[in-house]
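Residue numbers (our numbering), protein chains in the order written: chain A, 1 to 352; chain B, 1 to 352.
Even glycine gets a Cβ: it sits at the ideal position worked out from N, Cα and C.
Step one of this worksheet: look at the structure below.
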């Protein structure tokens with residue numbers, strides 16, 4: 001790394017450090033969550049999130065790196081929509097719409113572009129969310145910039161910074177499946193022992209993740225989208241974020257922002273059966289904690305509310321641990337077979 | 001152009017045709033203006049616009065094309081902010097904030113990225129508009145994706161589709177200066193005969209355009225941002241858009257969307273004196289009509305309102321013509337020296 005500031009390159013810094021340097025251009029208190037919150041109206045906050053996805057960095061349609069092909073254009077679209085809607089879900093916001101900024105090389109087949117849009121709309125339609133605008137331009141590299149926006153009542157915003165000691169930590173579904181699916185796509189020769197349905201399940205988890213907007217109605221009392229059996233009575237406090245960068249990352253980020261710690265119980269991490277049947281428990285645990293892109297929610301709630309939520313959800317939802325006053329984030333083993341392990345941010349130096 | 005649809009490439013289509021194909025993925029009525037309008041609240045519409053700018057396509061910082069250098073990173077930021085705020089101004093919307101999606105090669109100097117952000121905030125601060133979020137990622141090419149959003153009362157939205165025969169067409173300021181400034185930047189050897197102040201004025205017009213949000217207070221009665229001498233009484237009708245793609249393009253687009261025509265008077269086109277002192281009147285007229293990036297507003301208003309607006313504005317604001325029932329958009333010469341000319345969209349096939 002160069003000591004001369006004027007010669008410092010972005011590759012010397014990494015994504016997180018660069019983002020931190022750029023935060024001084026943003027008003028305090030607005031950044032630091034999955035999405036920004038703007039007060040536009042006394043009863044309604046506007047929530048905005050933006051993501052840039054670059055061919056051969058975040059996906060491979062085989063244009064920038066011929067032969068490396070893990071994502072069809074349709075899946076690129078689906079995943080981009082899912083990632084942004086997941087950020088809205090993580091803030092407790094109901095989606096209003098997205099904009100799409102697409103840049104592409106001149107030789108890109110038009111059908112690919114249309115397939116990207118088909119993937120976007122296929123994911124968005126589940127949540128009645130429109131594409132409300134866009135820009136298309138020439139570029140040497142296929143790039144998709146999505147901005148999603150939604151709205152939420154000010155007292156129902158889910159933030160990373162409000163977890164309190166004693167809260168239960170809920171993971172809303174299986175973790176590790178997306179990373180396992182990527183492995184199968186990158187190395188088609190592996191996993192021959194998997195059943196066809198396990199294989200399909202893992203690959204689908206990677207290609208067609210579902211943002212957990214379905215969780216919000218349980219958490220939002222007295223809202224147009226609230227579920228009849230809404231679990232909370234206002235004013236209730238929920239801390240949380242999504243697990244797009246892995247379950248460990250989500251728990252550590254929430255703890256950092258809330259200035260608390262956590263004890264996470266190894267045996268409670270929801271690892272999908274298909275994964276357990278394929279790889280070692282150690283590998284499965286690594287992918288569950290650090291694989292990322294499962295797009296589940298990680299929520300910190302009072303124990304009774306957490307218990308009720310997990311009972312209403314299916315497919316791997318679990319209370320995985322407890323928020324503690326002590327700042328460490330520990331992976332513990334109640335059975336005593338494994339030593340305590342400190343959970344860390346895996347993705348601190350990425351994308352440059 | 002290929003006849004086989006599956007082999008059609010985006011370069012065979014061009015930007016406009018591709019955008020048109022993609023509009024079927026958007027709800028009807030939402031696209032077609034400078035920005036999208038979403039009803040989020042009975043008293044308040046959300047206005048959203050998005051732009052993608054690519055190095056060596058929309059600007060040249062000298063990274064993608066060494067030696068071709070027309071834009072400093074600070075100016076890239078300023079211009080990106082200005083273009084997006086101009087889209088909001090064109091819709092009558094007060095800005096709320098922008099998001100920034102930045103992708104850059106690893107070898108990009110960190111100071112450049114910071115300068116882009118400085119340029120963005122320098123332009124935004126004039127209008128108390130924050131950067132509320134962003135994403136930073138690795139890419140082979142420097143790309144800036146901006147999404148800007150603002151709000152406007154539903155009855156005060158300025159659309160392209162509401163011009164009526166008899167309306168006066170107002171250009172809010174000089175046209176052609178930005179294109180002239182670009183010429184000076186691309187060919188430093190030309191324009192030696194220009195005075196230093198003329199030269200600076202033209203280059204500034206290109207590098208530091210100002211979105212005309214200052215016009216809105218005159219047009220918005222009974223709004224928090226309305227000017228004491230607001231010219232309109234509700235409900236009033238304004239059609240308009242910005243002149244980012246040129247004055248001719250703006251007039252033609254408004255006429256198409258409103259299913260009307262226009263007669264534009266050659267002698268009324270506001271060409272800056274610095275330009276008149278430099279190039280032939282024919283060249284100046286070409287740049288004023290088709291040069292683009294002046295980021296003025298082109299508004300269609302009742303004659304009396306238009307007259308009052310022009311009197312309140314300075315620096316080249318003018319009534320340039322009249323909306324007609326006949327669908328032609330004609331550039332006429334009242335003095336009879338030049339034959340009538342049909343104005344056309346210059347930018348129909350661009351950016352691929």
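Query	Result
Cα-Cα separation, residue 56 of chain A to residue 141 of chain A	9 Å
Residue closest to residue 244 of chain A, alpha-carbon to alpha-carbon, out of A/216, A/291 and A/75	A/291
Through-space distance from residue 210 of chain A to residue 191 of chain A, alpha-carbon basis	24 Å
Residue 154 of chain B at chain A interface by Cβ criterion, 8 Å	no
Beta-carbon gap between residue 158 of chain A and residue 132 of chain B smaller than 8 Å	no
As assigned by DSSP and simplified to three states, the class of residue 240 of chain A	strand
Cα-Cα separation between residue 347 of chain B and residue 287 of chain B, rounded to whole angstroms	Note on residue 347 of chain B: pLDDT 49, under 50, position unreliable in the model; no value is reported.
Supposed close pair residue 102 of chain A, residue 215 of chain A - CB separation, criterion 8 Å	Not quite, the Cβ-Cβ distance comes to about 30 Å (not below 8 Å), so this is no contact.
Residues, ordered as in the chain, of the stretch 42-53 of chain B that lie near chain A by beta-carbon distance below 9 Å	43, 44, 46, 48, 49, 50, 51, 52 and 53
Local Cβ density within 10 Å of residue 349 of chain B, reported as buried at 16 or more and exposed below that	Confidence at residue 349 of chain B is low in this model, with a pLDDT of 45, below 50, so its placement is unreliable and no value can be given for it.
8 Å Cβ cutoff, residue 370 of chain B in contact with chain A	A query on residue 370 of chain B cannot be resolved here, the shown segment of chain B reaching from 1 to 352 and no further.
Alpha carbon of residue 230 of chain A to alpha carbon of residue 305 of chain A, nearest angstrom	10 Å
Where residue 40 of chain B falls: helix, strand or coil (DSSP)	strand
Assigned exposure category for residue 14 of chain A - 16 Cβ within 10 Å defines buried	buried
Short CB-CB distance (under 8 Å) between residue 132 of chain A and chain B	yes
Enclosing beta strand (DSSP E) for residue 157 of chain A [first to last residue]	Here residue 157 of chain A belongs to no beta strand (DSSP E), and DSSP marks it neither H nor E.
Burial state of residue 340 of chain B (16 or more Cβ within 10 Å)	exposed
Burial state of residue 43 of chain A, where buried means 16 or more other Cβ atoms lie within 10 Å	exposed
Contact check, residue 76 of chain A vs residue 144 of chain A, beta carbons under 8 Å	yes
Cβ separation of residue 315 of chain A and residue 309 of chain A, assumed to be a contact under 8 Å, to the nearest whole Å	The pair is not a contact, with the Cβ atoms about 13 Å apart (cut-off 8 Å).
Rounded straight-line distance, which links the Cα of residue 220 of chain B to that of residue 238 of chain B	10 Å
Interface flag, residue 129 of chain B vs chain A, CB-CB below 8 Å	no
Proximal residues of chain A, C-beta to C-beta of residue 36 of chain B below 8 Å	97, 99, 132 and 133
Cα-Cα separation between residue 247 of chain A and residue 331 of chain A, rounded to whole angstroms	12 Å
Selection of the stretch 133-149 of chain A by Cβ proximity to chain B, strictly under 8 Å	133, 134, 135, 136, 137, 138, 139, 140, 141, 143, 145, 147 and 149
Among A/81, A/23, A/171 and A/17, the one whose alpha carbon lies nearest that of residue 272 of chain A	A/171
Inter-residue spacing [alpha-carbon to alpha-carbon] between residue 181 of chain A and residue 275 of chain A	10 Å
CB contact flag (residue 73 of chain A, residue 175 of chain A, <8 Å)	no
Simplified DSSP assignment, three categories, for residue 431 of chain A	Residue 431 of chain A lies beyond the residue range present for chain A, which begins at 1 and ends at 352; the question has no answer from this structure.
Residue 299 of chain A to residue 289 of chain A span [Cα, whole Å]	15 Å
Proximity of residue 312 of chain A and residue 168 of chain A at Cβ, strictly below 8 Å	no
According to DSSP, residues forming a beta bridge with residue 134 of chain A	A/100
Where residue 139 of chain A falls, given that 16 or more other Cβ within 10 Å makes a residue buried	buried
Residue from B/179, B/127, B/84 and B/199 whose Cα sits closest to the Cα of residue 277 of chain B	B/199
Inter-residue Cα distance where the pair is residue 205 of chain A and residue 217 of chain A	23 Å
Below-8 Å beta-carbon distance, residue 106 of chain B vs any chain A residue	yes
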